[in-house]
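Take any residue in the sequence shown, note its place counting from 1, add 47, and you have its number in the numbering used here. What follows is a set of notes on a single structure, which appears directly below.
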Amino acid sequence: MDITCPCNNCSEHLQFEETQAGSTVACPHCGMDTVLFIQEAPIDHQEEPSQVQPPAGQITAPPPGKANTRLRPCPDCQQSVSINAASCPRCGAKLKKKRGAGRSFLAIVLGIPLGCLLLLAAIGLFFDSGKKETEQEKEAGSAYYAAKKFCERYAPSGKNFTTESGGDYLDGKAERMAKKGDWFASGYVDCQNKYGAMRHQSWGAHVTLRNGKWHLNYLAIGDETLVGGE
Numbered sequence: 048m049d050i051t052c053p054c055n056n057c058s059e060h061l062q063f064e065e066t067q068a069g070s071t072v073a074c075p076h077c078g079m080d081t082v083l084f085i086q087e088a089p090i091d092h093q094e095e096p097s098q099v100q101p102p103a104g105q106i107t108a109p110p111p112g113k114a115n116t117r118l119r120p121c122p123d124c125q126q127s128v129s130i131n132a133a134s135c136p137r138c139g140a141k142l143k144k145k146r147g148a149g150r151s152f153l154a155i156v157l158g159i160p161l162g163c164l165l166l167l168a169a170i171g172l173f174f175d176s177g178k179k180e181t182e183q184e185k186e187a188g189s190a191y192y193a194a195k196k197f198c199e200r201y202a203p204s205g206k207n208f209t210t211e212s213g214g215d216y217l218d219g220k221a222e223r224m225a226k227k228g229d230w231f232a233s234g235y236v237d238c239q240n241k242y243g244a245m246r247h248q249s250w251g252a253h254v255t256l257r258n259g260k261w262h263l264n265y266l267a268i269g270d271e272t273l274v275g276g277e
């Protein structure tokens, strides 16, 4: 006589002969191993459940518990299938292996320190960039001041030095040239022209920092070149 019982994993019904009770088979629905058993008779509600005992030697269904985490639904037919199955036993759909919790935990453990290292590296680059920018601004100011001192040396009558925008020369910044250490400064000054007349004129100077000292390569005031320009 054929008997039916639910699968221990997916709860789908399996049909078997009474002589097969107690044997382990692969469920044709979910593909996982399940034990064939003879279901117990319905409990009489007038009796205490604890007083109802299954017949001797009969295998009963296991008590209901939490959802089986070893199963997942097939994306095509929604049949419960083992998470390790490569394909669905019912419809044959190809399945991707589900990543275990251990791998996810390992990824988190490895990812946290890696993320911290990347964050520290980004912070280091930010401060390093800011430090370099500050050093360049300092050198630009130093270059402008050195160029102004060269102007005073070659044009003793010069006074009232200002930047091109009319600001105080102490706020002036030279522009960095292509070669490292080369700067070009410019502005305005009141000084005598080649005819001896006092004029408010533009000036420009190319200076270079070598071995910690500033050197003048070119200097022009108004339309007169005082140094370089050959």
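Each residue gets a CB set at the ideal place from its N, CA and C atoms; glycine is no exception. Keep in mind the model is a prediction, meaning the values are calculated, not measured.
Count the C-beta pairs between the region 203–216 and the region 232–239 that are closer than 8 Å, then say yes if the count reaches three, no if not.
When Cβ pairs closer than 8 Å are counted between the two stretches, the region 203–216 is seen to touch the region 232–239, the count reaching three or more.
Which same chain residues end up closer than 7 Å to Leu263 when comparing Cβ atoms and leaving out the 5 residues on each side of it in sequence?
Reading the sequence shown from its first residue, position 216 is the one you call residue 263. Around Leu263, the same chain offers Phe197, Ala252, Val254, Val274 as residues with beta carbons nearer than 7 Å, after the five sequence neighbours per side are excluded.
Just tell me which of Met224, Leu165, Glu184, Cys52 has its CA closest to the CA of Glu87.
Mapped onto the sequence shown, residue 87 falls at position 40. In terms of Cα proximity to Glu87, the closest of Met224, Leu165, Glu184, Cys52 is Cys52.
To which residues does DSSP link Ser233 through a beta bridge?
Reading the sequence shown from its first residue, position 186 is the one you call residue 233. DSSP, once it has assigned bridges, lists Gly251 as partnering Ser233.
Find out if the Cβ-Cβ distance for the pair Ala266, Tyr201 is shorter than 8 Å.
On the sequence shown, residue 266 is found 219 positions in, with the first residue counted as 1. On the sequence shown, residue 201 is found 154 positions in, with the first residue counted as 1. The amino acid occupying residue 266 in the given sequence is Leu; Ala does not appear at that position. Result yes, Cβ atoms of Leu266 and Tyr201 sit closer than 8 Å.
Taking the alpha carbon of Arg246 as the reference point, which residue from Asp270, Ala68, Val128 has its own alpha carbon closest?
Your numbering for residue 246 matches position 199 in the sequence shown. Ranking Asp270, Ala68, Val128 by CA distance to the CA of Arg246 puts Asp270 first.
Distance between Ala194 and Phe231 (C-alpha atoms, nearest Å)
Residue 231 sits at position 184 when you count from the first residue of the sequence shown. Residue 194 sits at position 147 when you count from the first residue of the sequence shown. Between the alpha carbons of Phe231 and Ala194 lies a distance of about 8 Å.
Which word fits Leu217, buried or exposed, when buried means at least 16 other C-beta atoms lie within 10 angstroms of its C-beta?
To locate residue 217, count along the sequence shown from 1; it is residue 170. Classification of Leu217: exposed, given that the 10 Å Cβ count is below 16.
Taking all protein chains shown into account, do 16 or more other C-beta atoms lie within 10 angstroms of the C-beta of His76, making it buried, or fewer, making it exposed?
Within the sequence shown, residue 76 is the residue found at index 29, counting from 1. Counting of Cβ neighbours within 10 angstroms places His76 among the buried residues, the total reaching 16 or more.
Would you kindly work out how many angstroms separate the C-alpha atoms of Ile130 and Leu83, rounded to a whole number?
Position 83 of the sequence shown, counted from the start, is the residue given in the question as residue 130. Position 36 of the sequence shown, counted from the start, is the residue given in the question as residue 83. Cα to Cα, the separation comes out at about 22 Å.
Would you say the beta carbon of Glu59 is closer than 7 Å to some non-hydrogen atom of the ligand SAH?
With respect to the ligand SAH, the structure offers nothing, as it holds no ligand at all.
Identify whether Ile85 lies in helix, strand or coil by the three-state DSSP scheme.
Within the sequence shown, numbered from 1, the residue matching residue 85 stands at position 38. It is coil, neither helix nor strand.
Tell me whether the beta-carbon of Asp80 lies closer than 8 Å to the beta-carbon of Glu64.
Here residue 80 corresponds to residue number 33 of the sequence shown, with the count starting at 1. Here residue 64 corresponds to residue number 17 of the sequence shown, with the count starting at 1. In this structure, the beta-carbon distance from Asp80 to Glu64 does not fall below 8 Å.
Which residue comes first and which comes last in the beta strand (DSSP E) that contains Ala267?
By 1-based counting over the sequence shown, the position of residue 267 is 220. Residues 260–268.
In the DSSP assignment, find the unbroken beta strand (DSSP E) run with Thr318 in it and report its ends.
This structure does not reach residue 318, given that the chain is present from 48 up to 277, and the question cannot be answered.
With DSSP as the reference, label Ser189 as helix, strand or coil.
Looking up residue 189 in the sequence shown gives position 142. Here Ser189 sits in helix by DSSP.
With DSSP collapsed to three states, give me the class of Cys124.
Within the sequence shown, the letter at position 77 stands for residue 124. Coil.
Determine, using beta carbons only, whether Cys57 and Ser134 come nearer to each other than 8 Å.
Your numbering for residue 57 matches position 10 in the sequence shown. Your numbering for residue 134 matches position 87 in the sequence shown. No, the pair does not count as a contact, with Cβ atoms beyond the cut-off.
Under three-state DSSP, which class holds Leu165?
Taking the first residue of the sequence shown as position 1, residue 165 is located at position 118. Leu165: helix per DSSP, three-state reduction.
Which residues DSSP lists as bridging Ile50, in chain order
Against the sequence shown, residue 50 aligns to sequence position 3. Bridge partners of Ile50 according to DSSP: Phe63.
Measuring straight from C-alpha to C-alpha, what distance separates Gln62 and Arg119?
In the sequence shown, residue 62 corresponds to position 15, counting from 1. In the sequence shown, residue 119 corresponds to position 72, counting from 1. Using only the alpha carbons, I get a separation of about 23 Å.
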